[in-house]
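Numbering-wise (our numbering), the sequence shown opens with residue 444 and increments by one.
Below is one structure, written out as structure tokens; the observations come after it.
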Amino acid sequence: MDEKKSKVLIIGATGNLGYHLAEFSLKFSHPTFVLVRDSAFNDPVKVQKLQSLSNCGATLIKGSLEDEKSLLEAVKQVEVVICSIPSKHVLEQMVLVRVIKEAGCIKRFIPSEFGADPDRIQISDMDYNFYSRKAEIRRLVEAEGIPYTYISCNFLMSYLLPSLVQPGLKTPPRDKIRVFGDGNVKAVFVKEQDVAAFTICSMDDPRTLNKVLYLRPPGNVCSMNELVEIWESKIGKKLEKIYVSEDELLIKIKGMLVDYINYTWGFYLEV
């Protein structure tokens, strides 16, 4: 007899990762519900995504994290909640945690993390509370006794690989490249679709209950020097390497946006 598939609510399904989460939830035959704010219907790209998910069987529910009543109604219809809102909005999950506690029907909550483990990373107090906010949500979830799985996937490929980790570029350089530190520190890159697939597979797995799931496929662990070598072999040309020391990197980071920090600093620290 087939195992019963959990009903899932996806919050943030019009985003890049959130869309793939909803896709794989449907692909793996989970009854899938998508929380949709009214403003999404004014965006042609989001409308197209929502239509595609609806055509595949997803149930669209109007609501938002700002509307506690609609949120509670949505949560009561499912057994698993997955949130994939942007990192800068993670504290907005506080109301979601409260609603999940009130609903009392959720057997697994996967909050919006999908990056480095906020309880283990060290960033020299220069991350504008990027990770401390995620850790704050963790502590709230645990204090409320809500069953959880945290997904730690390190770097999403689409943010870093298209530029070979060169802030400000959209394509890999063909002449000079900046290498952070000595270029030998390993980093983990995981494709968004794979993160989504692993996340959906984890939510009914008893082994991942109240655990951090680390996604680190051996073939996806590379140093910056290794990435440069792969690119050089593709273009048949050696690049001029400009090594950026720790002190130089710290100067560049200070005063710049959090995106720059998180896309470059990870190469200098082993996490």
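C-beta atoms are modelled at their ideal positions from N, C-alpha and C, and glycine is treated no differently.
Every value quoted in this text rests on a predicted model; they were computed, and no experiment measured them.
Indicate whether the contact test is met: 3 or more Cβ pairs, each with one atom in the region 609 to 627 and one in the region 579 to 586, closer than 8 Å. no
Residue ranges of each beta strand (DSSP E) within the region 518 to 569, 3 or longer: 523 to 526, 551 to 553
Pick helix, strand or coil for Val608, following the three-state DSSP scheme. Of the three classes helix, strand and coil, the one that applies to Val608 here is coil, per DSSP.
So Ile732 and Val638 are in contact, right, with Cβ under 8 Å, and what is the actual spacing, rounded? What is shown of the chain runs 444 to 714, which leaves residue 732 out entirely.
Beta carbon of Phe476, beta carbon of Thr502: below 8 Å? Contact: yes.
Tyr706 in three-state terms, based on DSSP: Here Tyr706 scores only 48 on pLDDT, less than 50, and its place in the model should not be relied on; the value that follows carries that caveat. Looking at Tyr706 - three-state DSSP - the assignment turns out to be helix.
DSSP state of Leu712 mapped onto helix, strand, coil: With a pLDDT of 41 at Leu712, under the threshold of 50, the modelled position of that residue is not reliable, and the figure given next carries that caveat. The answer is coil: DSSP assigns Leu712 none of H, G, I, E or B.
Is DSSP giving Gly461 helix, strand or coil here? Secondary structure at Gly461: helix, using DSSP grouped into helix, strand and coil.
Measuring CB to CB, does Ser666 end up less than 8 Å from Val628? Against a cut-off of 8 Å, the Cβ pair of Val628 and Ser666 comes out as a contact.
Please classify Leu682: does DSSP put it in a helix, a strand, or coil? coil
Just the Cα atoms here: how many angstroms apart are Phe467 and Ile673? 30 Å
The alpha helix (DSSP H) that contains Phe437, what's its start and end? Nothing can be reported for residue 437: it is not among the residues displayed for the chain, which extend from 444 to 714.
Cross-strand partners of Phe598 (DSSP beta bridge): Phe632
Which residues bound the alpha helix (DSSP H) around Arg576? 573 to 586
Tell me the DSSP secondary structure of Arg480 in three-state form. In the three-state DSSP reduction, Arg480 falls in the coil class, being neither helix nor strand.
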